[in-house]
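Report on the following structure.
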Amino acid sequence: TFNANPYLATYAVGAVAKLEEAGASAEELGKFKNSLSGPLGALGDNLIWMNLRPVLLILGIILASTFGALGALIFWLLYNIHQVYLRARGLFKGYGLGLGVASDLRSAFYPRMIKWLSRMGAVFLGIFFVLKSNERILERVENLIIFILMVFLSIFGFRKNVNPNYILLAGVLSFLLAKWVILLT
Numbered sequence: 044t045f046n047a048n049p050y051l052a053t054y055a056v057g058a059v060a061k062l063e064e065a066g067a068s069a070e071e072l073g074k075f076k077n078s079l080s081g082p083l084g085a086l087g088d089n090l091i092w093m094n095l096r097p098v099l100l101i102l103g104i105i106l107a108s109t110f111g112a113l114g115a116l117i118f119w120l121l122y123n124i125h126q127v128y129l130r131a132r133g134l135f136k137g138y139g140l141g142l143g144v145a146s147d148l149r150s151a152f153y154p155r156m157i158k159w160l161s162r163m164g165a166v167f168l169g170i171f172f173v174l175k176s177n178e179r180i181l182e183r184v185e186n187l188i189i190f191i192l193m194v195f196l197s198i199f200g201f202r203k204n205v206n207p208n209y210i211l212l213a214g215v216l217s218f219l220l221a222k223w224v225i226l227l228t
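Take the sequence shown: its position 34, counted from the start at 1, is 77 in this note's numbering, and no numbers get skipped.
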């Protein structure tokens, strides 16, 4: 079995195609696939599930709440463009590099992207709060309490060295849950 992140598995597909074309044996191909499985899974999980998806979630909320159906369509396009790009990049780099595909996985591209996405998550969350403040979010007592709790949640998370993406996701989910509870009462 081959267990890797689906967005980055194309690195292995491209590299294996190159090796098969070069006449590698089935045993060599199996060892090569096994050696790529773990790194592709770990890198993909960190990049996609822990960084890109939360950032796109916040961006999608902003776009949908600002532009309605058009915002949701823009979000859908952005979400799909990134996965097509990553899959195509992996396929072409994997085929081009063959056995040397690990060199691209170790390049500065992915760490820079992960760092950039973490920062963009914070920026988008800030934009979300600014947009909501235009709706006079801090004028009602319950909204002020939610805001203060989210600030303390962020401070607590940063002091405990929690991944900023988890803090962002917890903040957004807490805000949505609190607003839902308030609407029900």
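Each residue gets a CB set at the ideal place from its N, CA and C atoms; glycine is no exception.
The model shown is predicted, which means the values in this text are computed figures rather than measured ones.
* To do: Could you pull the start and end residues of the alpha helix (DSSP H) that Thr-228 belongs to?
  => Numbered from 1 along the sequence shown, position 185 holds the residue referred to as residue 228. Taken as a continuous stretch (DSSP letters only), Thr-228 belongs to no alpha helix (DSSP H), as it is neither H nor E.
* To do: Determine, using beta carbons only, whether Val-98 and Met-163 come nearer to each other than 8 angstroms.
  => Within the sequence shown, numbered from 1, the residue matching residue 98 stands at position 55. Within the sequence shown, numbered from 1, the residue matching residue 163 stands at position 120. Their beta carbons are under 8 angstroms apart, which means Val-98 touches Met-163 by this criterion.
* Identify which residue in Asn-89, Leu-79 and Leu-51 has its Cα closest to the Cα of Asn-206. => In the sequence shown, residue 206 corresponds to position 163, counting from 1. Taking only the C-alpha atoms, the option nearest Asn-206 is Asn-89.
* Give the single residue among Lys-203, Ser-161, Phe-195 and Asn-204 whose Cα lies nearest to the Cα of Arg-233. => This structure cannot speak to residue 233, because the chain is shown only from 44 to 228.
* To do: Could you name the residues of the same chain whose beta carbon sits closer than 7 angstroms to that of Ser-197, not counting the 5 residues immediately before and after it, in chain order?
  => Numbered from its first residue, the sequence shown carries residue 197 at position 154. Around Ser-197: Ile-210 and Gly-214.
* Asked: If you follow the alpha helix (DSSP H) that Val-56 is part of, which residue opens it and which one closes it?
  -> Position 13 of the sequence shown, counted from the start, is the residue given in the question as residue 56. 52-64 is the extent of the alpha helix (DSSP H) around Val-56.
* How do the segment 103-121 and the segment 58-78 stand: do at least 3 beta-carbon pairs fall below 8 angstroms, yes or no? -> no
* Taking just the CA atoms, how far does Tyr-50 sit from Trp-92? -> Stepping through the sequence shown from its first residue, residue 92 is reached at position 49. Stepping through the sequence shown from its first residue, residue 50 is reached at position 7. Roughly 10 angstroms between the two C-alpha positions.
* To do: Could you spell out where the alpha helix (DSSP H) holding Val-127 opens and where it closes?
  => On the sequence shown, position 84 is the one that residue 127 refers to. Val-127 -> alpha helix (DSSP H) spans 112-140.
* **Three-state secondary structure (DSSP) of Lys-222** => Along the sequence shown, one-based indexing puts residue 222 at 179. Helix at Lys-222.
* Quick one, are the C-beta atoms of Lys-136 and Gly-84 less than 8 angstroms apart? -> Counted from its first residue, the sequence shown places residue 136 at position 93. Counted from its first residue, the sequence shown places residue 84 at position 41. No, the pair does not count as a contact, with Cβ atoms beyond the cut-off.
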